[in-house]
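Enquirer:
Chains as they are written, first to last, in this note's numbering: chain U, 39 to 408; chain V, 166 to 437.
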């Protein structure tokens with residue numbers, strides 16, 4: 039195991055930046071620490087790097103307990119959000135900085151590594167320039183180069199693409215992904231960008247207020263959220279959340295919120311719902327089906343919730359269309375393929391339905407019930 | 166930027182006035198140094214008649230001005246070195262480290278900027294006599310720190326605090342100890358600010374009169390400013406000609422230094 043973090047806790051004064059952090063990263067993996075700003079994800083990364091001393095817990099890198107070690111003894115590489123190249127040194131000196139500090143490396147070996155890395159990162163023509171003469175993307179590549187030449191046990195990246203523009207971000211993201219697959223070194227990647235997390239992460243750790251909300255594969259995080267926060271943080275547009283009172287009608291359950299009523303067959307999980315008189319139902323926009331009301335094609339099967347709503351906004355995104363419709367002041371977001379949006383216009387009455395099997399049930403505190 | 170011609174005119178008028186305020190006295194000093202003494206007392210004409218180099222001859226020969234200027238240099242340079250030893254680590258610690266009472270201490274140090282220096286001259290002289298540093302370079306160097314440190318601490322701390330923390334952290338991840346990170350990365354980057362502060366420190370020593378006048382009586386370490394005063398003014402009659410010539414002489418080295426260091430000084434005090 040490349041990185042093991044156990045019971046990590048860090049405080050700034052009396053403020054708990056993160057606590058109860060446990061995870062493992064294998065050599066072949068990218069682990070993404072995801073969360074809104076201030077959630078403690080960067081703190082966790084800095085604790086792994088040794089830039090912060092945790093109040094509690096332990097960090098192991100390649101089977102060594104590094105908790106008490108200085109950053110430079112941990113054999114890790116860190117890529118900073120602000121790139122943090124040394125402005126007074128050429129790119130070559132920047133890349134070789136760590137190697138120059140390492141004892142017992144021959145000049146030939148250092149040269150060989152610089153050549154290798156600058157080749158992979160397309161920096162060969164820029165080695166003798168100063169960082170300020172390079173574009174943002176090139177600078178970030180140079181920062182990566184400074185990390186790669188060290189041949190570290192693990193890479194730690196703190197929102198490395200935050201200062202790049204959108205296109206470059208996507209390009210660099212793919213580069214990093216390929217790079218990690220080639221190097222086969224553990225990578226911990228901090229970001230607040232859910233798309234970046236979904237694309238890069240073999241595992242995602244979603245954090246909020248210093249606590250891990252859910253750890254899992256992107257698929258698990260997306261399709262099986264542990265609580266309302268995870269369900270709403272991931273996915274654009276946001277997950278639909280319907281909070282209402284819960285009633286039982288024999289075999290069926292009835293969730294009511296104003297004029298909106300959802301009757302569903304809860305045969306399989308009725309027991310889990312018992313004891314809750316209010317409930318939050320979450321459903322992803324792409325799992326909401328929309329039908330123009332004149333074409334009554336939707337099935338009213340036992341496991342399907344159906345209601346009428348009025349479309350008030352269409353957002354065509356090319357490959358898909360976001361439809362905002364409302365029942366009174368309750369808004370429903372749905373995403374459909376363009377061909378399914380044909381014939382639907384703003385102001386039109388539509389029938390909304392969704393498969394209850396694909397819906398999530400949360401308590402009013404936000405914890406997943408079913 | 167494009168200005169309307171009215172605004173441009175206004176800007177130029179202000180600029181010309183500013184430059185003249187500085188230049189007119191300077192030119193008059195130069196003119197006076199080239200007058201004969203009877204011409205000086207005759208009145209304030211702008212053209213020396215006859216042109217006389219006597220004042221310059223006197224300034225360069227009859228007084229030991231070379232020795233005094235060397236003394237000035239040594240007291241300025243020593244004050245500068247001592248101030249750097251105190252300021253660079255001190256300002257870095259104030260900028261980067263946290264310790265109890267940090268803000269209070271910092272404002273204690275920089276707050277002395279507001280204290281009238283002239284009030285310190287007598288007690289400091291008294292102190293120097295007691296610690297046997299009266300009439301020594303070391304005494305001067307120490308005394309000058311009261312003028313240099315508050316200002317230098319303020320400037321350098323500001324500069325250090327403005328540097329991104331990532332730089333040291335990157336250095337520490339890639340093999341440096343905290344101290345190595347400081348001298349391999351922070352120090353070279355901060356060179357413009359350090360040079361700017363050094364220049365001012367040197368000037369404080371070079372230009373000083375109050376401390377030097379009180380702390381030094383021996384001719385062998387007497388700086389030029391004091392020598393100038395004793396030679397030209399403290400006698401029965403002010404010898405204006407040599408006074409002007411020596412003023413120019415003493416003013417030249419800082420000016421040359423400034424031109425050499427201008428690039429850094431602007432960087433150090435201005436934008437990075």
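Even for Gly, the Cβ is constructed at its ideal location relative to N, Cα and C.
1) By how many angstroms is the C-alpha of residue 89 of chain U removed from the C-alpha of residue 111 of chain U?
2) Taking the continuous alpha helix (DSSP H) assigned at residue 183 of chain V, which residues delimit it?
3) Tell me, please, whether the CB atom of residue 420 of chain V is closer than 8 Å to any CB atom in chain U?
4) Along the chain, which unbroken stretches of the alpha helix (DSSP H) at least 4 residues long are found entirely within the stretch 297-385 of chain U?
5) Between residue 40 of chain U and chain V, is any beta-carbon pair separated by less than 8 Å?
6) Buried or exposed, going by whether 16 or more other CB atoms sit within 10 Å of the CB of residue 402 of chain U?
7) Nearest chain U C-beta to residue 353 of chain V closer than 8 Å, yes or no?
8) Given that a residue counts as buried once 16 or more other Cβ atoms are within 10 Å of its Cβ, and exposed if not, what is residue 390 of chain U?
9) State the start and end residues of the unbroken alpha helix (DSSP H) segment that holds residue 222 of chain U.
10) When Cβ atoms are compared, which residues of the stretch 159-180 of chain U fall closer than 7 Å to chain V?
11) Would residue 47 of chain U and residue 92 of chain U qualify as a contact pair, given that the criterion is a beta-carbon distance under 8 Å?
12) Roughly how many angstroms separate the alpha carbons of residue 234 of chain V and residue 179 of chain V, rounded to a whole number?
13) Considering only residues of the stretch 264-317 of chain V, which uninterrupted alpha helix (DSSP H) runs meet the minimum length of 4 residues and lie entirely inside it, listed in chain order?
14) What's the C-alpha gap between residue 185 of chain V and residue 324 of chain V?
15) When the Cα atoms are used, what is the spatial distance from residue 230 of chain V to residue 387 of chain V?
16) Check each residue of the stretch 132-148 of chain U: if its Cβ is closer than 7 Å to any Cβ of chain V, include it; give the result in chain order.
17) If I measure Cβ to Cβ from residue 292 of chain V and keep anything under 6 Å in the same chain, skipping five residues before and after, which residues do I get?
18) Under the assumption that residue 219 of chain V contacts residue 204 of chain V (Cβ atoms under 8 Å), give the Cβ distance between them as a whole number of angstroms.
19) Taking the alpha-carbon positions, what's the residue 97 of chain U to residue 82 of chain U distance?
20) At the 8 Å Cβ level, is residue 200 of chain U part of the contact set with chain V, yes or no?
21) By DSSP's criteria, residue 77 of chain U is part of a beta bridge. Which residues make up the other side?
22) DSSP state of residue 358 of chain V, grouped into three classes?
23) Rounded to whole angstroms, what is the Cα-Cα separation between residue 268 of chain V and residue 172 of chain V?
24) Use the C-beta contact count for residue 241 of chain V: other C-beta atoms within 10 angstroms, 16 or more gives buried, fewer gives exposed.
25) Which complete alpha helix (DSSP H) runs does the stretch 63-148 of chain U hold, if anything under 4 residues is left out?
26) Compare the beta carbon distance of residue 368 of chain V and residue 419 of chain V with 8 Å and say whether it is the shorter of the two.
27) Is it true that the stretch 294-307 of chain V meets the stretch 343-351 of chain V, where meeting means three or more beta-carbon pairs spaced less than 8 Å apart?
28) Terminal residues of the continuous beta strand (DSSP E) containing residue 393 of chain V?
29) Which class does residue 392 of chain U belong to by DSSP, given the choice of helix, strand or coil?
30) Does the Cβ-Cβ distance between residue 397 of chain V and residue 407 of chain V come in under 8 Å?
31) What three-state label does DSSP hand residue 320 of chain V in the structure shown?
32) With a cut-off of 8 Å on the beta carbons, I'd call residue 70 of chain U and residue 277 of chain U a contact; round off their distance for me.
33) Using beta carbons (cut-off 8 Å, strictly below), is residue 184 of chain V in contact with chain U?
34) For the beta strand (DSSP E) holding residue 242 of chain U, just list the boundary residues, first then last.
35) Leaving out five residues before and five after residue 236 of chain U in sequence, what residues of the same chain have Cβ atoms less than 6 Å from its Cβ?
36) Please list, in chain order, the chain V residues whose beta carbon lies closer than 7 Å to that of residue 109 of chain U.
Expert: Taking the geometry as given:
1) Rounded to whole angstroms, the gap between the alpha carbons of residue 111 of chain U and residue 89 of chain U is 12 Å.
2) For residue 183 of chain V, the enclosing alpha helix (DSSP H) covers residues 170-198.
3) Taking a beta-carbon distance threshold of 8 Å, residue 420 of chain V does not count as an interface residue toward chain U.
4) With a minimum length of 4 residues, the continuous alpha helix (DSSP H) runs that stay inside the stretch 297-385 of chain U are 308-311 and 376-379.
5) Cβ-Cβ to chain V under 8 Å: no for residue 40 of chain U.
6) Residue 402 of chain U sits exposed, since fewer than 16 C-beta atoms from the chains shown fall within 10 Å of its C-beta.
7) Residue-level contact by beta carbon holds for residue 353 of chain V and chain U, with a gap shorter than 8 Å.
8) Looking at its Cβ environment, which holds 16 or more other Cβ atoms inside 10 Å, residue 390 of chain U is buried.
9) Per DSSP, residue 222 of chain U lies in no alpha helix (DSSP H) and is assigned neither H nor E.
10) From the stretch 159-180 of chain U, no residue has a Cβ closer than 7 Å to chain V.
11) A contact, by the Cβ cut-off of 8 Å.
12) Their backbone Cα atoms lie some 36 Å apart in a straight line.
13) Complete alpha helix (DSSP H) runs here, min 4: 267-276 and 283-295.
14) Near 33 Å, if we compare the C-alpha coordinates of residue 324 of chain V and residue 185 of chain V.
15) Rounded to the nearest angstrom, the gap between the Cα atoms of residue 230 of chain V and residue 387 of chain V is 10 Å.
16) From the stretch 132-148 of chain U, only 135, 136, 139 and 140 have a Cβ closer than 7 Å to chain V.
17) In the same chain as residue 292 of chain V, and ignoring 5 residues on each side of it, no C-beta atom comes closer than 6 Å to its own.
18) Actually they do not touch by this definition, with Cβ atoms about 11 Å apart.
19) Just so you know, the alpha carbons of residue 97 of chain U and residue 82 of chain U end up roughly 10 Å apart.
20) No, because no Cβ of chain V sits closer than 8 Å to the Cβ of residue 200 of chain U.
21) Beta-bridge pairing links residue 77 of chain U to no other residue.
22) Assignment of residue 358 of chain V by DSSP, reduced to helix, strand and coil, places it in the helix class.
23) Looking at the two C-alpha atoms, the distance is approximately 44 Å.
24) So residue 241 of chain V ends up on the buried side.
25) If we require 4 residues or more, the alpha helix (DSSP H) runs fully inside the stretch 63-148 of chain U come out as 79-87 and 129-139.
26) Contact flag set, yes.
27) Taking a cut-off of 8 Å on C-beta distances, the stretch 294-307 of chain V does not touch the stretch 343-351 of chain V, as fewer than three cross pairs fall below it.
28) No beta strand (DSSP E) holds residue 393 of chain V; the alpha helix (DSSP H) holding it covers 389-397.
29) Note: residue 392 of chain U maps to strand in three-state DSSP.
30) Yes. Within cutoff.
31) In the three-state scheme derived from DSSP, where H, G and I count as helix and E and B as strand, residue 320 of chain V is classed as helix.
32) The Cβ separation is near 20 Å, so there is no contact.
33) Answer no: the Cβ-Cβ gap between residue 184 of chain V and chain U never drops below 8 Å.
34) Counted as a single uninterrupted DSSP element, the beta strand (DSSP E) harbouring residue 242 of chain U occupies residues 241-246.
35) Closer than 6 Å at the Cβ level, and outside the excluded window around residue 236 of chain U, lie 256.
36) Residues of chain V passing the Cβ test: 337 and 338.
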